[in-house]
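Novice: Got a structure here, written out as structure tokens. Questions coming.
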Amino acid sequence: MPPSSSRINLSDKIRATLEAEITAGQLTAGSRIDEQMLMERFEVSRTPAREALMQLMSAGLVTSVPRQGAVVASLTVPEYIAMLEVLTELEGLAARLAARRMPAEQRRQLEAAELACRDAAATDDPKRYAEANRRFHEIIYDGSRNAPLARQLRPMRLRLRPP
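Written out as structure tokens, the structure is:
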């Protein structure tokens with residue numbers, strides 16, 4: 004029997020909240036994420052809390068540590084460099100595909116996102132730049148018209164984003 008949509012929505016809400024806290028640096032590498040705490044904080048049963056943690060583990064943002072439970076994942080410098088090498092190659096592939104496949108309207112969105120990156124950089128606004136840069140890459144991923152590639156890129160980019 005498939006999970007109910009309310010359970011999916013609850014687990015997605017928990018995952019999105021924790022994901023934002025991890026990428027913002029509010030939850031740092033090595034921080035323990037207690038299932039019971041999630042149940043109390045989000046006023047949910049065990050299942051949505053577990054599903055959210057499993058989604059975060061799948062994205063590589065959280066790992067399971069024996070006798071500790073779920074903890075925010077950390078990357079060593081060599082792991083970070085290796086993942087960055089893979090990310091840049093896959094993004095290059097996405098850009099090549101997008102250059103051939105992206106429709107005119109999406110190209111206009113890409114140009115607007117690139118302009119927003121320039122404006123944010125010129126005004127030295129790191130938050131605005133990060134959001135514009137995220138949007139720029141999302142448009143390229145979507146423009147590649149290759150869903151499996153985009154599914155690989157999104158969690159990797161998220162994991163490599165500095166807090």
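According to the numbering used here, the sequence shown is numbered sequentially starting from 4. The beta-carbon is built from N, C-alpha and C at its ideal position, and this holds for glycine as well.
1) Let's test the definition: count the other Cβ atoms within 10 Å of the Cβ of residue 68 and tell me whether it reaches 16, buried, or not, exposed.
2) Check whether the stretch 144 to 159 touches the stretch 83 to 99, counting contact only when three or more Cβ pairs, one atom from each stretch, lie closer than 8 Å.
3) How big is the Cα-Cα spacing for residue 17 and residue 35?
4) Could you compute how far the alpha carbon of residue 40 sits from the alpha carbon of residue 15?
5) Straight-line CA distance for residue 23 to residue 107?
6) By Cβ distance, which residues of its chain are closer than 7 Å to residue 66, with the 5 residues on each side in sequence left out?
7) Please name the residue, chosen from 12, 155 and 13, that lies closest to residue 87 on a Cα-to-Cα basis.
8) In chain order, which continuous runs of the alpha helix (DSSP H) of length 4 or greater are located wholly inside the stretch 13 to 49?
Specialist: Here's the rundown:
1) Exposed: under 16 other Cβ atoms inside 10 Å.
2) Taking 8 Å as the limit for Cβ pairs, the verdict is that the stretch 83 to 99 does touch the stretch 144 to 159.
3) For residue 17 and residue 35, the distance between alpha carbons rounds to 15 Å.
4) Residue 40 and residue 15 have their alpha carbons spaced roughly 17 Å apart.
5) Between the alpha carbons of residue 23 and residue 107 lies a gap of roughly 32 Å.
6) Close CB contacts of residue 66 within its chain, under the 7 Å cut and outside five residues either way in sequence, are with 60, 74 and 76 (chain order).
7) Checking every option, the nearest Cα to that of residue 87 belongs to 155.
8) Entirely contained in the stretch 13 to 49, the alpha helix (DSSP H) runs reaching 4 residues are, in chain order, 38 to 45.
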